[in-house]
């Protein structure tokens, strides 16, 4: 924890702590030739005019956060020297936020130390509330009030000139047809899609909008109490800012916002704020507009922060644009923003972040050059913007970096999650195919004292779940936790999607807090234990809540005949106490997956079978189970559920356990055959490498590649003697430029399909049960066979072509997926299941299923 200097003694004045003689930055119209604190305080009004009395440049104190500067910088004298110099230049307004870490504390200490030279009445203080972390937002009225009071204490003042609701787009109800691109169409032809049509001004579109209104009303109350003077909102997407400012105006008490702050939309790369300014004045009746971040959160600097949400192509456009200007590119960017603020309908103050006195001097220098009308700058701005236009990123807005849900820890900075999100997004953008992304991505150290880390990520439905790990942690731990958490989510919600998580936001957050401790270590991961702590969403619980029932004592357990105790009431962490079922039953599903690589001769280069025993137990009381197998020697490298007694397995090769309630994975294992077990598979074994599992089919691909055309003939034959291959899918990437697909998919004879210009071309092989489809976007040919009887043969013949400029390059490997019901590669069989400690005899069910994923090379 850093200790911030209280400045009982002011640092000695240095040469750069005094303004360079010239016009002061207090007014667009007034100039003085030399610095005089007294003359400035008494004779010059540091204002652009208007009700808020703001200077042309506002000091952005967001630089006083760990997101931009380390603790040793923030705890030294540089912040005070920068603030003092800015005040001496006439920069008499400061913008900060509760979200900016120690920013309010650093700023408050500095201003308190300068109180004799610059009393409280000589400057404006603007802060924000509602956002307190990267993914932490709380717009509840009580929290808003507490946040403002805390800001008053940190800034050492008894009133605030402005309080903003911070980054409202993360809280409000989402209304937008798209998140990226140029959004000026919201002012015209796409007004309906953005919720900006006339007549909808007072339309509250969801709970998020109501939260904004409730927070605004609380700030109105504090304004009447004299704690704050002006109320505003901040955010990134301009259509959202306009819609909400209009909504506030047309909702009781029908008062407009005093001020609105937009960031990164009045900069060299994106100046669309200029298009929206007249609408904020006319439709929302806002008195004062403020623009922030002329360097677009550091994007327009030589070293943009790695967490920045801009895509890689835009980052490259920034580099290319910088090459068009021989001077300092950030200075060119700041000058562009200053010039634009002057040309607006009414002068717009510009918030600029400063970390050092030198940066203050540079900003004033640029401001003076703009005042003098330097034509060379205007030409430089034009050339720089041309590069963005050619790249397709001029006046282009990125999507707000909004994760659906995240959990952070005291040991990490607010920028830490964004660092990992950006690294994963960058890797995905660079990959030719989603499957090419490395599942473990190296993350450079954010601060010098930090060690580098890694980010484990897993695709789940339409989401990607990220788990950052420190440099000395095995990534397998990260993946194990991700999979465990996904299983927990399935237990709670059934099917998973981003919409499901958003609709059950509170439940997911509680699960994150319970499954990890404050240091990020796994804590409670058993679904049965979690259900006692985090209430699963259900209609019954909602009805009981409305009726005023005590939910904690009515959480249904099993069939609902028993009452669950409180949290951790059971002596067995994975099983509730007092479970009762009218029908006792337990089911075991042995699922095995074969992954293999086969060479062009049909010989397995490598193969691996991993299995798991999926269990669904609905047993009353506390049953003690003994599960034995006829051939336990086929189980290797086992990973057990915590319920299994390891000593009993090591001694007798028997599973002894008290099962959890409901669905769970009893064990996972690997199977490696030996020569004596190969004959039991039911397949006629081809030549294999030692310890490889025989493949239950054979492929014979034949490709004839010419200059601009390819013909192929693929034959698949089942090797199984008594079972069918089901849901066979054979995929082949045909390569860039593939078109004009003609195929016949048949068992003997079949239908003919011809590829066209659509996104998906397909054909059906008569009544054979085989079909094919070609995805022209992904250039993938898919051959599907719903059911292949034992020893049956199947054939896919076809051809395709490429344009004259492209050489055909089909992939030299076919990807094959399949299923075999009531079959396991290991031939694992259950001998018996005994129940000890309970008098009933449960129904027992056992079945096997095998799936395969084969890469067959040609």
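Residue numbers (full-length UniProt numbering): 1 to 858.
Every residue, glycine too, gets a C-beta built ideally from N, C-alpha and C.
Below 8 Å, can you find three or more Cβ-Cβ pairs linking the region 651-662 to the region 587-594?
no
Span separating the alpha-carbon of residue 895 from that of residue 106:
Because the chain is modelled from 1 through 858, residue 895 falls outside the range shown and cannot be assessed.
Roughly how many whole angstroms lie between the Cα atoms of residue 20 and residue 462?
56 Å
How many Å lie between residue 858 and residue 821 at the Cα?
28 Å
Tell whether a beta-carbon distance below 8 Å holds between residue 531 and residue 660.
No. Outside cutoff.
Let's test the definition: count the other Cβ atoms within 10 Å of the Cβ of residue 161 and tell me whether it reaches 16, buried, or not, exposed.
buried
Under 7 Å Cβ to Cβ from residue 798, same chain only, skipping five residues before and after it: list those, please.
712, 741, 742, 743, 744
Quick one: Cα of residue 378 to Cα of residue 319, how far?
19 Å
Can the beta-carbon of residue 482 be found less than 8 Å from the beta-carbon of residue 458?
yes
Starting from residue 375, trace the alpha helix (DSSP H) both ways and give me its first and last residue.
Per DSSP, residue 375 belongs to the alpha helix (DSSP H) from 375-391.
At 3 residues or longer, and completely inside the region 335-370: list those beta strand (DSSP E) runs for me, N to C.
Listed in chain order, the complete beta strand (DSSP E) runs (minimum 3 residues) inside the region 335-370 are 350-353.
Considering only the beta carbon of each residue, do residue 729 and residue 609 sit closer than 8 Å?
no
Name the two residues that bound the continuous beta strand (DSSP E) containing residue 274.
Taken as a continuous stretch (DSSP letters only), residue 274 belongs to no beta strand (DSSP E), being part of the alpha helix (DSSP H) at 273-282.
Note down the Cα distance separating residue 31 from residue 208, rounded to an integer number of angstroms.
No answer about residue 31 holds up, because its pLDDT of 35 lies below 50 and its placement is not dependable.
Does residue 474 pass the burial test, meaning 16 or more other C-beta atoms within 10 Å, or should it be called exposed?
exposed
Buried or exposed, going by whether 16 or more other CB atoms sit within 10 Å of the CB of residue 435?
That one is exposed.
Drop a sphere of 10 angstroms on the beta-carbon of residue 671, count the other beta-carbons inside from all chains shown, and report buried for 16 or more, exposed for fewer.
buried
Of the residues 673, 84, 499, 491, the one placed nearest residue 361, counting alpha carbons only
84
Below 8 Å between beta carbons: does that hold for residue 289 and residue 164?
Their beta carbons are not under 8 Å apart, which means residue 289 does not touch residue 164 by this criterion.
Mapping the DSSP letters down to three states, classify residue 699 as helix, strand or coil.
strand
Pick helix, strand or coil for residue 71, following the three-state DSSP scheme.
helix
Between which two residues does the alpha helix (DSSP H) holding residue 318 run?
Run containing residue 318: 312-322, per the alpha helix (DSSP H) assignment.
Check whether the region 715-723 and the region 789-808 are in contact - that is, three or more C-beta pairs closer than 8 Å.
yes
Whole-angstrom distance between residue 82 and residue 133, CA atom to CA atom
Straight-line Cα distance between these residues: approximately 26 Å.
What three-state label does DSSP hand residue 423 in the structure shown?
Under the three-state reduction of DSSP output, residue 423 falls in the helix class.
Could you check whether the Cβ of residue 252 sits closer than 7 Å to any heavy atom belonging to the ligand MN?
Here there are no bound small molecules, and the ligand MN is not part of this structure.
Nearest residue (CA-CA) to residue 453, options 344, 853, 470, 101:
470
In or out: residue 232 buried (at least 16 other Cβ within 10 Å) or exposed?
buried
Spell out a yes or no on whether the region 830-846 and the region 634-645 are touching, meaning 3 or more CB-CB pairs, one atom from each, closer than 8 Å.
Touching, no, given that fewer than three Cβ pairs across the two stretches are closer than 8 Å.
Between the alpha carbons of residue 156 and residue 108, how many angstroms are there, rounded?
6 Å
First through last residue of the beta strand (DSSP E) which encompasses residue 848:
843-857
Give the straight-line distance between the Cα atoms of residue 683 and residue 498, rounded to the nearest whole angstrom.
Low per-residue confidence applies at residue 683: pLDDT is 47, beneath 50, and the placement is therefore not dependable enough to give any value.
Helix, strand or coil: which one does DSSP assign to residue 80?
Helix, per DSSP.
List the endpoints of the continuous alpha helix (DSSP H) containing residue 597.
Careful: residue 597 lies outside any alpha helix (DSSP H), inside the beta strand (DSSP E) at 585-598.
Does the region 165-175 touch the region 233-242, meaning 3 or more C-beta pairs lie closer than 8 Å?
yes
Is it buried or exposed for residue 128, if we count other Cβ within 10 angstroms and need 16 for buried?
buried
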